Amino acid sequence: MESPPETNLKGFSIAFGTTEFLGALAVVMMTVWVGHYRGGYSWSSLEPDLEFNWHPVLMTVSLIFLYGNYYWDMAMAMGASKRQAGPAARLYLRYPNKRHPSVTVFCQLELHCQETSQIGPAQY
């Protein structure tokens, strides 16, 4: 029986570790920026500006970190021809990518709807 060829994963491990670190750093920096410099977070409609602060944080998490992990998983699955890629892992990585933008769009639209509802009919 033939054994699979040896693969050198040193370059892959360095690239993967670097992108994971940079993605996590982007999420942490965005969270600190919004939490400290933009006034924090709110889930209450009474403070729409603070509710909108969820938008950049969740978009950073989903578009930078989770999509990056999803593409790394796809690259590993494409490279492993004999190994069955874990569909549960891909589903786990793909689901938050669908959920986070939905929440951010909700926060964004709620802010815009409240701004337009405060404008009186005479100002249109």
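Under my numbering, the first residue of the sequence shown carries the number 92, and numbering increases by one thereafter.
Here a beta-carbon is modelled for each residue, glycine too, at the ideal position from N, C-alpha and C.
Quick caveat, the model's predicted, so the values are computed rather than measured.
(Q) Quick check on DSSP: helix, strand or coil for residue 135? (A) Start at 1 with the first residue of the sequence shown, and residue 135 comes out as number 44. In the structure shown, residue 135 sits in coil (DSSP, three-state: anything other than H, G, I, E or B).
Q.
What does the Cβ neighbour count give for residue 156, buried or exposed, with the cut at 16 atoms within 10 Å?
A. Along the sequence shown, one-based indexing puts residue 156 at 65. Under this definition residue 156 is a buried residue.
Q. Quick one, are the C-beta atoms of residue 151 and residue 118 less than 8 Å apart?
A. The residue given as residue 151 occupies position 60 in the sequence shown. The residue given as residue 118 occupies position 27 in the sequence shown. In this structure, residue 118 lies closer than 8 Å to residue 151 by Cβ.
Q | Top-ranked residue by Cα proximity to residue 106, from 162, 149, 197 | A | The sequence position of residue 106 within the sequence shown is 15, counting from 1. The option with the nearest alpha carbon to residue 106 is 162.
**Q.** Reduced DSSP secondary structure (H/G/I, E/B, other) of residue 144
**A.** To locate residue 144, count along the sequence shown from 1; it is residue 53. In the structure shown, residue 144 adopts coil according to DSSP, grouped into three states.
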